[in-house]
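Its first residue numbered 294, the sequence shown is counted upward by one per residue in the numbering used here.
We treat Cβ as the ideally placed atom computed from N, Cα and C, and that holds for glycine.
Model, not experiment: these values are computed from the prediction.
A short write-up of the structure that comes next.
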Amino acid sequence: MIDTFIDIDERLDTIPGTDFSLIQKIDGTAFSIDTLLLANFVQFTPEMISAADLGSGSGILTFLLKYRNKNLQITGFELQNEFYELSKRNLILNKNFEGLAFEEMDIRDIPSRILPDSYDLVVSNPPYFQVGNGRLPANPSRAQARHELNGTVKNFVESASYMLPYSGRFCLIIPTSREEEINKYLTENKFGVRRKEYIIPKEDEKPHLIMIESEKFYSGDCLEMPSITIHKKDNSFSDELQKLFTLGLKVYS
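See below:
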């Protein structure tokens, strides 16, 4: 039955650090280590009841957060119909994930379609590249996922600000080359940065990504956490990643 549920351009992947599987595309739009690290980076509080994933794709980050916090009510918002439909199939495949839903929606339309201050936590793995910056993938779906063809990072920050009340948290991952830019957008939208963590692609290289946790109207200090290295010099996974794969994601209780 599962085989008939999966299209010819898809595969069923067991997600590292978890005990569940998701259908993923094999065209370069499947989830990456970035998403796994962001899911593990999120810190929950007892007050967090509802969460939103902006640009949820096939639903991987949405599922990972629900896996970590069973009590969280979470909705993934995705513009591309192909991925929205895929996320719904993943939900059918994982019927034990209750309190999880997906909406087909442009994140730029959120202010006109949902009430403000509706969520306690917003997460996002937004498009990394501005239009005209870097090579545009030939695959339209991958192009939209990686480049700001349908909404900019600024739009994602603005939508998160609209969705969150005082002390609401917003977590995202973005290239370090855009750190100054994202800090500007966060400040403009009344966010203060609580934590940040850099990701190093390979030993002895510079960080290429940064994960940021911000809070609405926060004015305290920012905690810079120890950087995470993905690969050793021999291209094997670092001890940190191996530990994550072996012990699994941190489950909140």
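- Boundaries of the alpha helix (DSSP H) harbouring Ser-452: 446-456, taken from the DSSP string.
- Boundaries of the alpha helix (DSSP H) harbouring Arg-382: 374-386, taken from the DSSP string.
- Within a 10 Å sphere around the beta-carbon of Leu-516 sit fewer than 16 other beta-carbons, which makes this residue exposed.
- The way I'd put it, the segment 328-337 does touch the segment 409-420; three or more beta-carbon pairs between them come closer than 8 Å.
- Between the segment 486-495 and the segment 505-513 there are three or more inter-stretch CB-CB distances shorter than 8 Å, so the stretches are counted as touching.
- Counting the other CB atoms within 10 Å of its CB gives Val-544 a total below 16, which places it among the exposed residues.
- The beta-carbon separation of Gly-369 and Gly-352, rounded to 5 Å, stays under the 8 Å limit for a contact.
- Of all C-beta pairs linking the segment 313-321 to the segment 385-401, three or more are shorter than 8 Å, placing the two stretches in contact.
- Proximity to Asn-418 across Glu-481, Glu-473, Ile-467 and Tyr-511 peaks at Ile-467, based on C-alpha coordinates.
- Close CB contacts of Tyr-511 within its chain, under the 8 Å cut and outside five residues either way in sequence, are with Ser-460, Phe-484, Gly-485, Val-486 and Arg-487 (chain order).
- Annotation note: the segment 462-527 contains the following uninterrupted alpha helix (DSSP H) runs of length 4 or greater, listed N- to C-terminal: 472-481.
- Of the other Cβ atoms in all chains shown, fewer than 16 fall within 10 Å of the Cβ of Gly-513; this residue is therefore exposed.
- Fewer than three pairs of CB atoms, one per stretch, sit closer than 8 Å, so the segment 522-542 makes no contact with the segment 343-350.
- Boundaries of the beta strand (DSSP E) around Thr-368: 366-371.
- Judged by beta-carbon spacing, Leu-357 lies beyond the 8 Å limit of Leu-330, meaning their Cβ atoms are not closer than that value.
- Beta-bridge partners assigned by DSSP to Ala-394: Thr-368.
- Secondary structure note for Thr-307: it is in no alpha helix (DSSP H), and the uninterrupted beta strand (DSSP E) holding it is 303-307.
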